[in-house]
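Step one of this worksheet: look at the structure below.
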Amino acid sequence: MVGTIRDTIKQGSKYRPVRAIPAGSYRKVGGPSRILTGIPARMNFASVAADSRYCAIDQDPFGALRSWNDSVHYCDWNGILCSHRHLNRVVKLGLRSQGLVGSLSPHIGNLSFLKSLIFQNNSFHGPIPQEIGRLFRLRNISLSNNSFHGEVPTNFSQCSNLEILNLIDNNLTGNIPAELGSLWKLTLLGLSINKISGTIPPFLGNLSSLTILSLGRCALHGEIPKEIAQLQGLVLFSISENNIAGEVPSSIYNISTLSSFEIFYNQLRGSIPPDIGLTLPNLKLLFLAENKFTGPLPISLSNASKLQ
């Protein structure tokens, strides 16, 4: 399962693509700035005027938008998936790893049937529009490995069906919004490799569906809230490279589903429980280095047969 997890959040890893694109190496689309969609209302893409903009694309180096023209029905455009149940309604907008440079417009909030918004591993910049919060059908927001800045929109809380919120590897600031505490269907929360500050909020422990909680390489401080131990389905827990202090709550070592436990480069103290190899039988990845732990490495880890 760890392989699958790592594939899911890989866009937030250190293997970030080079941002600079040499002059002349990309194709300008429709002049200096191609609109990712300005779709007439008659096409039922969304009930908006023909000049509406969902994204402003400045660079399209691989021709990802080559099919985006009037000769092809928009449901057949690259990156677009339309509903079979609701005629011609767009349910997925996905352009992953296309080298696109541009920004998201507030008008994207008009795509009322959208379930998946996937732009990870591109070079989008600017703020993440608050208007995305209108899209109550959204299940997947994957915007990792871009250059978005500003704060995590608080009204993501209105996306009550959201299962994946992957914002890893951007330039986001501010705290983890308390409003995210209402996203009880969330299975993946990825905020690693940002400039997010503050403490790890206890409300995360109420998101009982979480299997992946990735908060590494931010600017977090404080202690690990004991409420995290309530996540009894948690598979990946990463808070590495922050300034987290105190002791790891002992109850966290009882989350038997944990496969990847990454807490290195913090100010954590105390000792590692002697029975960790028994209480975490599914452990594959364990990163504890560069903390203030004392005592020996538990012998019981020899029983963790899946440990890599």
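For the sequence shown, UniProt numbering assigns the number 1 to the initial residue and increments by one for each residue that follows. All residues carry an ideal CB built from backbone N, CA and C; glycine is no exception. Fair warning: this is a prediction, and the values are worked out from it, not measured in the lab.
Contact set for residue i: own chain, Cβ-Cβ below 6 Å, skip 5 residues either direction
i      : result
HIS221 : ASN243
LEU117 : LEU93, ILE141
ASN194 : ASN170, LEU172, CYS218
ALA304 : GLY277, LEU283
GLN230 : GLY205
GLN130 : PRO153, ASN155
ARG19  : A caution first: ARG19 carries a pLDDT of 27, below 50, which makes its placement in the model unreliable, though a value can still be read off. SER123.
GLY246 : GLU223
PRO201 : ILE176
GLY126 : SER103
Three-state secondary structure assigned by DSSP to residue i
i      : result
ASN140 : strand
ALA64  : coil
ASP58  : strand
LEU81  : strand
LYS195 : coil
LYS92  : strand
SER52  : Bear in mind that the predicted position of SER52 carries a pLDDT of just 33, short of 50, making it unreliable; the figure below should be weighed with that in mind. Coil.
ASN254 : helix
PHE261 : strand
ASN69  : coil
GLU247 : strand
THR4   : Confidence in THR4 is poor, its pLDDT being 38 and thus under 50, which makes the residue's placement unreliable; the coordinate value appears in the next sentence. Looking at THR4 - three-state DSSP - the assignment turns out to be helix.
HIS221 : strand
PHE113 : coil
LEU36  : Note on LEU36: pLDDT 39, under 50, position unreliable in the model; the coordinate value appears next. Coil, per DSSP.
ASN166 : strand
SER238 : strand
Residue i burial status per 10 Å Cβ neighbour count (16 or more: buried)
i      : result
PRO281 : exposed
LEU87  : exposed
GLU262 : buried
HIS84  : exposed
ARG269 : exposed
ARG134 : buried
ASN69  : exposed
SER251 : exposed
PHE136 : exposed
ASP76  : exposed
SER302 : exposed
LEU297 : exposed
ALA105 : According to the sequence provided, residue 105 is Ser. The question's Ala does not apply to it. Buried: at least 16 other Cβ atoms inside 10 Å.
SER71  : exposed
Same chain, Cβ closer than 8 Å to residue i, neighbours up to 5 away in sequence not counted
i           : result
SER271      : PHE293, THR294, GLY295
LEU138      : LEU114, LYS115, SER116, LEU117, ILE132, CYS159, ASN161, LEU162
residue 353 : Residue numbering for the chain in the displayed model covers 1 to 308; residue 353 lies beyond these limits and cannot be assessed.
GLY300      : It should be pointed out that residue 300 corresponds to Ser in this sequence rather than to Gly. Closer than 8 Å at Cβ, skipping near neighbours: PRO274, ASP275, ILE276, GLY277, LEU278.
VAL248      : ILE224, ILE263, LEU268, GLY270
Cβ shell of residue i (< 7 Å), same chain only, five flanking positions each side left out
i           : result
SER256      : THR279, LEU280, PRO281, ASN282
TYR265      : SER240, GLU241, GLU290
residue 315 : This structure does not reach residue 315, given that the chain is present from 1 up to 308, and the question cannot be answered.
LEU286      : PHE261, LEU307
Bridge-paired residues (DSSP) for residue i
i      : result
VAL101 : GLN59, SER123
LYS292 : ARG269
THR173 : GLU151
ILE212 : LEU188, LEU236
ILE299 : Beta-bridge pairing links ILE299 to no other residue.
Assess, as a yes-or-no matter, whether the region 186–197 is touched by the region 212–219 under the definition of 3 or more beta carbon pairs within less than 8 Å.
Flag = yes, the region 212–219 and the region 186–197 touch.
Could you tell me whether the region 140–152 touches the region 166–176, using the rule of 3 or more Cβ pairs below 8 Å?
In short, these stretches touch, since the Cβ pair count reaches three.
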